[in-house]
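Chemist: Heads up: the sequence shown begins at -19 in the working numbering, then just goes up one per residue.
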Amino acid sequence: RACQSYFHCVSCISGPLGLYRNNLLQQFLEAWYNQKFLGTHCTFGDDRHLTNRMLSMGYATKYTSRSRCYSETPSSFLRWLSQQTRWSKSYFREWLYNALWWHRHHAWMTYEAVVSGLFPFFVAATVLRLFYAGRPWALLWVLLCVQGVALAKAAFAAWLRGCLRMVLLSLY
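1. Within the same chain, show all residues whose beta-carbon is closer than 6 Å to that of Leu(-3), passing over the 5 residues directly before and after it, in chain order.
2. Does the region -12 to 3 touch the region 86 to 103, meaning 3 or more C-beta pairs lie closer than 8 Å?
3. Using the C-alpha atoms, what's the distance from Gly114 back to Ser45?
4. Sorted by chain position, which residues of the same chain lie with C-beta nearer than 6 Å to Ala105's C-beta, five sequence neighbours on each side aside?
5. Could you name the residues of the same chain whose beta carbon sits closer than 8 Å to that of Tyr39, not counting the 5 residues immediately before and after it, in chain order?
6. Spatial neighbours of Arg66 within its chain, please: CB distance less than 6 Å, with the 5 preceding and 5 following residues excluded, ordered by chain position.
7. Using a Cβ-Cβ cutoff of less than 6 Å, which residues in the same chain neighbour Leu77 once the five nearest sequence positions on both sides are dropped?
8. Which same chain residues, not among the five before or five after Lys42, have their C-beta less than 7 Å away from its C-beta?
9. Give the DSSP-derived three-state secondary structure of His(-12) in the structure shown.
10. Grab me the residues of Arg28's own chain with a C-beta within less than 8 Å of its C-beta, minus the 5 sequence neighbours each way, in chain order.
11. If I follow the unbroken alpha helix (DSSP H) through Leu123, where does it start and stop?
12. Note down, in chain order, each residue of its chain lying with its Cβ closer than 7 Å to the Cβ of Ala135, except the 5 sequence neighbours on either side.
13. Kindly give me the distance between the Cβ atoms of Gln127 and Ser150, rounded to whole angstroms, as I take these residues to be in contact under 8 Å.
14. In or out: Met37 buried (at least 16 other Cβ within 10 Å) or exposed?
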């Protein structure tokens, strides 16, 4: 989010901590509240859609790492899995909506959205291809590389924050 903020195009402002200009919010509050996707009322992903509404109007969105917020987090695996499923569904739903506004913002927004939107499909296709080609060592190598990149990112976050626990983020 810090990189997105640098280019003024944060794609999801956290629900518990987001701040918006009231006069802008009033312009689309009704449409946001009554959002539908494929004919069904949307009941999750409201923070991402609210951010997308701001981006659709051409406004900048920002993030700061200095803010603090305490919110409830899932305490069991099933609740966590349910949360991750909701977040994934809303991510891809809002990705489609967000694509309409890429031209109004920095090219970084387009680049990051395309890469993060397509990456899971490329990884899945690679894993399936290697699995069905009967190359388990190549498959293991790909998965280790993905984990290695995640570990490097988590180590940088741990160094940046001075919190060694953040290395565990690579397991997420």
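No residue lacks a Cβ here, since even glycine has one placed at the ideal position from N, Cα and C.
Modeler: Let's see:
1. Ser47, Cys49
2. yes
3. A straight line joining the alpha-carbon of Ser45 with that of Gly114 spans about 45 Å.
4. none
5. Leu4
6. Phe24
7. Checking the sequence shown, residue 77 turns out to be Tyr, not Leu. Correct list, in chain order: Asn32.
8. These residues qualify, in order along the chain: Ser(-15), His(-12), Val(-10).
9. coil
10. Cβ within range, chain order: Ser(-9), Cys(-8), Ser70, Tyr71, Glu74.
11. 116 to 141
12. Hits under 7 Å: Val147.
13. Contact flag correct, Cβ pair sits at about 7 Å.
14. exposed
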